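As numbered in UniProt numbering, residues 1 to 254 make up the sequence shown, in order. Below is one structure, written out as structure tokens, with a few remarks after it.
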Amino acid sequence: MASNTMIEVKSLSASFDDRQVLKNVSFTINEREIAVILGGSGSGKSTIFRHMLRLYDVPYNTIRIFDKDIADLNESEQLVFFMKLGVFYQNGALLNSLTVGENVALALEQHTSLPPDIIENIVRTKLELVNLGDAYQLFPSQLSGGMLKRAALARAIIMDPPLLFCDEPGAGLDPVSLASLDQLILNLRNLLGITVVMVTHEVSSILRIADKIIFLDDGVITFKGTPQDALKSDIPVVKDFFSKGTGATLPTDH
Ligand SMILES: Nc1ncnc2c1ncn2[C@@H]1O[C@H](COP(=O)(O)OP(=O)(O)O)[C@@H](O)[C@H]1O
Ligand SMILES: [Mg+2]
């Protein structure tokens, strides 16, 4: 494992009942990379995610994260592992009875013994980072769809995780809100050096933010590379996918 490797997945296979849904999947994701896992519905994207999050039993020697075999963590290592992961839940998963500030503060209250004024400072800083500086006292029901996603992002990064997982973060957003969410994720990487693993179907999003694309087709990786290489690919499923995004231009300087 190279020193700047954040995630290494090696020959990961998975079956449900008798059906194999992941077949010898291997890839690496480096520190500070924004990696996008792509593929049609049912191709196995979420199954890979759930393995990396240890929601399923992980076979030994298949997934290394933070330079450790995640199948082989003792109890205290597991706690550290989960503290270092940010997870962005699709629906925001905010509690409606709490203000945005209280929602974002939850993990700090549970996992640290910081005094309330320090927690408030950290929460306000994170909310400003996602352009929600004015939303501290608001309730989730008072936020737009785009604001809810950004609040969920603030919550996901409250413990300063080096690694952020997002399963379809932009689902249901209009193009302008989606572009601003993408910009925030790019900022997090650029400012905080966070590594991001994301599942998305939005071609415009992928072209804006991905450093690396991992393309799954029926449980098999058919393509790994940059968005630029994906656009030039002759692999039929990859070509089909990106032909939906014709007219999009590639960013050059992120
Ligand atoms: N817990 C499960 N039990 C049985 N089959 C599952 C389970 N999770 C996923 N599958 C099946 O595995 C395949 C891959 O699913 P998934 O990883 O959710 O795909 P994607 O996220 O790419 O849409 C699908 O055929 C799905 O029906
Ligand atoms: Mg899925």
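Using N, Cα and C, we set each Cβ at its ideal position, and we do this for glycine too. On a predicted model such as this, the values are computed, not experimentally measured, just so you know.
For residue i: DSSP bridge partner residues
i      : result
Asp167 : Val199
Phe88  : Cys166
Gly40  : Answer is none; Gly40 lacks a bridge partner.
Thr28  : Glu8
Gln20  : Ser15
Gly219 : BP columns for Gly219 are empty, so no partner.
Ala35  : Val197, Lys212
Asp69  : Arg64
Gly145 : Answer is none; Gly145 lacks a bridge partner.
Residue-chain proximity (residue i, chain C), Cβ-Cβ < 8 Å
i     : result
Ser43 : Checking the listed chains, one finds no chain C in this structure; it contains a single protein chain.
Buried or exposed by the 16-neighbour rule on C-beta atoms within 10 Å, applied to residue i
i      : result
Met6   : buried
Ile118 : exposed
Ser3   : exposed
Leu79  : exposed
Val176 : exposed
Lys149 : buried
Asp72  : exposed
Opening and closing residue of the alpha helix (DSSP H) in which residue i lies
i      : result
Thr99  : Unbroken run through Thr99: none, as it is neither H nor E.
Arg64  : Element bounds for Arg64: not the alpha helix (DSSP H) but the beta strand (DSSP E), 63-65.
Leu127 : 116-129
N- and C-terminal bounds of the beta strand (DSSP E) containing residue i
i      : result
Phe81  : Per DSSP, Phe81 belongs to no beta strand (DSSP E); it is in the alpha helix (DSSP H), 75-83.
Asp174 : No beta strand (DSSP E) holds Asp174; DSSP gives it neither H nor E.
| query | In chain order, what are the residues with a CB under 5 Å from some non-hydrogen atom of ligand 1? | reply | Phe16, Val21, Ser41, Gly42, Ser43, Gly44, Lys45, Ser46, Thr47
| query | Counting pairs of Cβ atoms below 8 Å between the region 200-214 and the region 114-132, do you hit three or more? | reply | no
| said: So, does the region 129-141 touch the region 83-101, judging by three or more C-beta pairs under 8 Å? | reply: yes
| said: Assess contact between the region 29-46 and the region 208-224, defined as three or more Cβ pairs (one per stretch) separated by less than 8 Å. Is contact present? | reply: yes
| query | Is the region 187-201 touching the region 31-38, taking contact as three or more C-beta pairs under 8 Å? | reply | yes
| request: Mind the definition here: the region 218-238 touches the region 62-74 only if three or more C-beta pairs lie below 8 Å; say whether that holds. | output: The region 218-238 vs the region 62-74: no contact.
| Cβ pair count under 8 Å reaching 3, the region 182-192 against the region 101-108 | No, because fewer than three Cβ pairs between the region 182-192 and the region 101-108 fall closer than 8 Å, the two stretches do not touch.
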